[in-house]
Amino acid sequence: MASNITLTMIKPDGVADGFTGKILDHIIAAGFKIQAMKLTRLSTEKAQEFYAVHKERPFYGELVAFMTEGPIVAAVLEKENAVEDFRKLIGATNPANAAEGTIRKLYATNIERNAIHGSDSDENAAIEAAFHFSGLERF
Ligand code: ATP
Ligand code: MG
């Protein structure tokens, strides 16, 4: 069964560069409803856990350092076909390869400092939503 939620994080670069409002405008204009949202900061342990799938990759240490360098905005977003549609909205991991008009094309700096996260599957969306939010924080 296709889920209708995805989990996003506006990453520390996006928040620090002042793009939170503009990025949220894109998300809302694309038809996503915000189920939950908060400004928060990942500890090293939490960032390691969130990106554990990448722990053998050469960029893992730098990724964890980047994701903990400042606050992020985490949100649960609801829309039909949320995971796939949101990945299209944010664009390719490397902004150099991202389509025109995508959030990463507009606001990302490079393949690491790429402004925003989007879940890659319905299963991970559920896991990641529960990672950041309790049931009482979702509407
Ligand atoms: P995310 O999971 O954050 O939505 P993604 O699914 O597009 O991004 P992943 O392959 O899951 O990409 O990589 C997770 C994150 O790790 C990337 O968004 C980026 O911040 C960082 N990253 C990925 N590849 C590299 C790389 N080659 N060098 C440096 N950082 C990288
Ligand atoms: Mg990913």
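In terms of our numbering, the sequence shown opens at residue 37 and continues consecutively.
All C-beta atoms, glycine included, are put in the ideal place defined by N, C-alpha and C.
If you're wondering where the values come from, they're calculated on a predicted model, not measured in any experiment.
- prompt: Among I59, I152, K124, which has the Cα closest to the Cα of L99?
  reply: Reading the sequence shown from its first residue, position 63 is the one you call residue 99. Nearest C-alpha to L99: I152.
- prompt: Straight-line CA distance for I163 to S157?
  reply: The count along the sequence shown starts at 1 and reaches residue 163 at position 127. The count along the sequence shown starts at 1 and reaches residue 157 at position 121. Answer to the nearest angstrom: the Cα atoms are 10 Å apart.
message: Short of 6 Å in beta carbon distance, which residues of its chain neighbour E114, apart from the five on each side in sequence? Order them along the chain.
response: Translated into positions along the sequence shown, residue 114 becomes position 78. The answer, listed in chain order, is N40, I41, K69, Q71.
query: Cβ atoms of L75 and V109: under 7 Å apart, would you say?
result: Stepping through the sequence shown from its first residue, residue 109 is reached at position 73. Stepping through the sequence shown from its first residue, residue 75 is reached at position 39. Yes, Cβ-Cβ distance for V109 and L75 is below 7 Å.
message: Taking the alpha-carbon of I46 as reference, which of A144, Y96, A118 has the nearest alpha-carbon?
response: For this step, residue 46 is matched to residue 10 along the sequence shown. Answer by Cα proximity: A144.
task: Quick one: give me the first and last residue of the alpha helix (DSSP H) that T42 is part of.
output: As a working mapping, residue 42 is identified with position 6 in the sequence shown. Taken as a continuous stretch (DSSP letters only), T42 belongs to no alpha helix (DSSP H), being part of the beta strand (DSSP E) at 41-46.
message: By DSSP's criteria, T76 is part of a beta bridge. Which residues make up the other side?
response: In the sequence shown, counting from the first residue as 1, residue 76 sits at position 40. According to DSSP, T76 bridges with I108.
- request: List the whole-angstrom C-beta distance separating T44 from A111, where the pair is believed to meet the contact cut-off of C-beta under 8 Å.
  value: Along the sequence shown, read from residue 1 onward, the residue named residue 44 stands at position 8. Along the sequence shown, read from residue 1 onward, the residue named residue 111 stands at position 75. Contact between T44 and A111 holds, since their C-beta atoms are separated by about 5 Å, short of 8 Å.
query: My guess is that G154 and R123 are in contact by the Cβ rule of under 8 Å, so how many angstroms apart are they, rounded?
result: As a working note, residue 154 is residue 118 in the sequence shown. As a working note, residue 123 is residue 87 in the sequence shown. Going by Cβ atoms, the distance from G154 to R123 rounds to 5 Å, so yes, they are a contact pair.
query: Would you report the Cα separation of T130 and N150, rounded to the nearest angstrom?
result: Indexing the sequence shown from 1 puts residue 130 at position 94. Indexing the sequence shown from 1 puts residue 150 at position 114. Correcting the residue identity first, residue 130 is Asn in this sequence and not Thr. Distance between the alpha carbons of N130 and N150 is about 7 Å.
- request: List the endpoints of the continuous beta strand (DSSP E) containing H153.
  value: Counted from its first residue, the sequence shown places residue 153 at position 117. Note, H153: beta strand (DSSP E), 152-154.
task: Taking V119 as part of the alpha helix (DSSP H), name the residues at either end of that continuous run.
output: Within the sequence shown, numbered from 1, the residue matching residue 119 stands at position 83. Its alpha helix (DSSP H) spans residues 118-126.
- request: Determine the closest residue to D49 out of F86, T104, H62, A66, with distance taken between C-alpha atoms.
  value: Reading the sequence shown from its first residue, position 13 is the one you call residue 49. Answer by Cα proximity: T104.
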